[in-house]
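Reading through the structure tokens given below for one structure.
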Ligand code: 3H9
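In my numbering, the protein residues as written are 16 to 678.
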């Protein structure tokens, strides 16, 4: 096996190359070897400058995220960054690929940076519930100012190094990959004349102290009420960079990072990171490459079809849009054109790009449109597989029975990330492979489901609503339930959500044994939802402000015997309990492959907050023992809700985490 860090000397320059595929994450063995290589190079009298590079596709893309679940092992990355910065010989970073997190911090600790034009940089730690922990909160604002540093840290975005203001991080850029090493070595020789330039001594980013303090005060106020701890800590750490000596600022950052790594929020977000990647890696016997799908036919004239057309065009596909009614074709084309004009007005696209994109869209009869397609999506009910080649996959995107392949896009389909890829009872492996490849080609998150049309999201949302109704059966107020779930992090809690959908529609859903259909009760009393100004809530001021209404509680009390059957503190554990029970059933029935797939569905498609990690991880972090204890205390006739599923009970008994719930 190749060494994870290789070192060779070229005309007085020690080239230290990190070789730890796939992304050169700065795992312990990399840090250990890197530190040794740096110490050797500094001590070697033949070496006059040091070049740090990443082998393969990228300079390090960050610390090894998996390591955060294990005890910290020295040398820690900040120590290596200090060693580099204090080196008596100039140290140059050679950048390419995605230079992220700890990788970007490593680069900032170097005295100089040369990179490929195509390099992208970023500090995405906040997406893992963390702040940069290897000097990123201290060195970045020193170079580029508090505003840009906080934009980078709080957005976590991956940004182009060759564009302002990020261009400032590079001392020189090179266009062609094959020229990079020679240019970097030449730059190292120039750096010998310049000598080391420690970033910790720079303060040009703080040139205007008044503006810096104003920016920091504004950011602290913006973040004050947000639930994610890492965001507030990031602002505080950048303020420390501004106000404190470098070492004291680093000590603040280190302590905050250590607290965040141990926090449930970060554990949840790290779970999300790996769960999303696992879900995208469906074990396939036939693996289709996304680039093999170039032309997509979409059949149907409705909103879903139009959103799919926009998504496919944005992903660079050629779109053949089959619409039976010739008059609708013109209107449909205009819908899509409008959507791209909006993007031009918002500054997201140039006119020319929008024009070029629209050249890839053709509308016509269904038969004509499917003829040259690599993949067909039926986006309206009742449409039949027309005259297309036998090997072309035709997936249904509407809620109907699935025999072969179903694609369930979270709405709106052009903006949402989630697609549940349903493998029906008669699906072939190659069809499933193509469907997953298409979803990846669209830049969306696939989750594999085995069913005849059921989705993970549908079943889990039904469990959530069923549990909310059952809590009302037991005497809870819908307002207490919505309040508890909002404080927990749900953007749209169940009863507000039903009011928005309309209670006549929601009231048609059947309740199980012993349950009252509270939506139907309200609809019968003329409270049909938000549009009518009255539902679970009464709406004031153009139906914009929901307020609690005692009349609703009085109406409910006529239908239920127990008015005090639920403690407020039990609401969240009981809702989670019902969801995690349904999750265990989904895995047991092989509809979902794992608990982590269920979490991905709920985070990517149903607004479950990422910092909770999805309902399955949230139940684990809350404590499965505590959740199951609350379930056992709930006395409801619908046993599916709170009688713990045997697989869930086994997890608790064996002290296992939710990851163990998989097929
Ligand atoms: C940090 O740096 C903290 C410091 O501030 C302080 C330290 C003291 N670790 O995404 P892909 C794996 S926090 C471990 O499919 P792409 C990934 O799981 C870190 N593993 O590829 C997958 O494994 P598998 C800050 C990692 O080309 C494989 O690599 N950095 C890491 O679509 C391929 O990944 C980040 O948050 C990692 N850091 O995208 C960057 N990164 O094949 C996180 C990737 O077994 N990474 N893996 O499923 C990314 O954003 C993307 O992976 C990247 C490549 C854009 C780099």
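Think of the CB as a built atom: it goes at the ideal place given N, C-alpha and C, for glycine as much as any other residue.
In the structure shown, the three-state DSSP call for residue 506 is coil. Secondary structure of residue 672 (DSSP, three-state): coil. Taking C-beta atoms under 8 Å as the contact rule, residue 139 and residue 171 qualify, at a distance of about 4 Å. DSSP places residue 338 in the coil class of the three-state scheme, outside both helix and strand. Comparing alpha carbon positions, the residue from 43, 27, 48 and 41 closest to residue 21 is 48.
Just so you know, the alpha carbons of residue 427 and residue 317 end up roughly 12 Å apart.
Relative to the Cα of residue 517, the nearest Cα in the group 534, 502 and 528 belongs to 534. If you ignore the 5 residues before and after residue 339, its C-beta comes within less than 8 Å of the C-beta of 316, 380 and 381, all in its own chain and listed in chain order. Residue state for residue 97 is assigned as helix, using DSSP reduced to three classes.
Beta-bridge annotation (DSSP): residue 21 is paired with 32.
Exclusion of the five residues before and after residue 143 leaves 80, 281, 284, 285 and 288 as the residues of its chain whose Cβ lies within less than 7 Å of its Cβ.
Around the beta carbon of residue 322, a 10 Å sphere encloses 16 or more other beta carbons of the protein chains shown; the residue is thus reported as buried. Counted as a single uninterrupted DSSP element, the stretch harbouring residue 168 is not any beta strand (DSSP E) but the alpha helix (DSSP H) occupying residues 161-170. Here the alpha carbon of residue 367 sits roughly 44 Å from the alpha carbon of residue 213. In terms of side-chain proximity, the C-beta atom of residue 92 is found nearer than 7 Å to a non-hydrogen atom of the ligand 3H9. Within the model, the alpha-carbon separation for residue 590 versus residue 581 is close to 12 Å. Contact check for residue 88 and residue 63: beta-carbon distance about 32 Å, past the 8 Å limit, so the pair fails to qualify. According to the DSSP assignment, residue 471 belongs to the alpha helix (DSSP H) that extends over 471-488. When 605, 607, 573 and 643 are compared, the shortest CA-CA separation from residue 593 is found for 643. Annotation for residue 224: the continuous alpha helix (DSSP H) segment containing it runs 224-238. Straight across, the Cα-Cα distance linking residue 431 with residue 326 is about 10 Å. Counted as a single uninterrupted DSSP element, the stretch harbouring residue 261 is not any beta strand (DSSP E) but the alpha helix (DSSP H) occupying residues 261-276. Across the set 109, 605, 272 and 558, the C-alpha of 109 shows the shortest separation from the C-alpha of residue 189. Pairing residue 640 with residue 630 gives a Cβ-Cβ distance that is not under 8 Å. Remark: C-beta atoms of residue 268 and residue 231 do not approach each other more closely than 8 Å. Within the stretch 559-621, the runs of beta strand (DSSP E) at least 3 residues long that lie entirely inside it are, in chain order, 560-562.
Not one heavy atom of the ligand 3H9 is found less than 7 Å from the C-beta of residue 529. Of the heavy atoms belonging to the ligand 3H9, none sits nearer than 7 Å to the Cβ of residue 390. If you keep only unbroken alpha helix (DSSP H) runs of at least 4 residues inside the stretch 56-111, you get 92-100.
Going by DSSP, residue 314 is part of the beta strand (DSSP E) stretching over 310-314.
One thing to note: residue 439 has its Cβ within 8 Å of the Cβ of residue 418. Pairing residue 513 with residue 550 gives a Cβ-Cβ distance under 8 Å. Just measuring C-alpha positions, the residue of 200, 568 and 524 sitting nearest residue 540 is 568. Residue 670 and residue 390 have their alpha carbons spaced roughly 45 Å apart.
For residue 378, no alpha helix (DSSP H) segment is defined; the enclosing uninterrupted segment is the beta strand (DSSP E) at 376-379.
Residue 130 carries a strand assignment under DSSP once its states are collapsed to helix, strand and coil.
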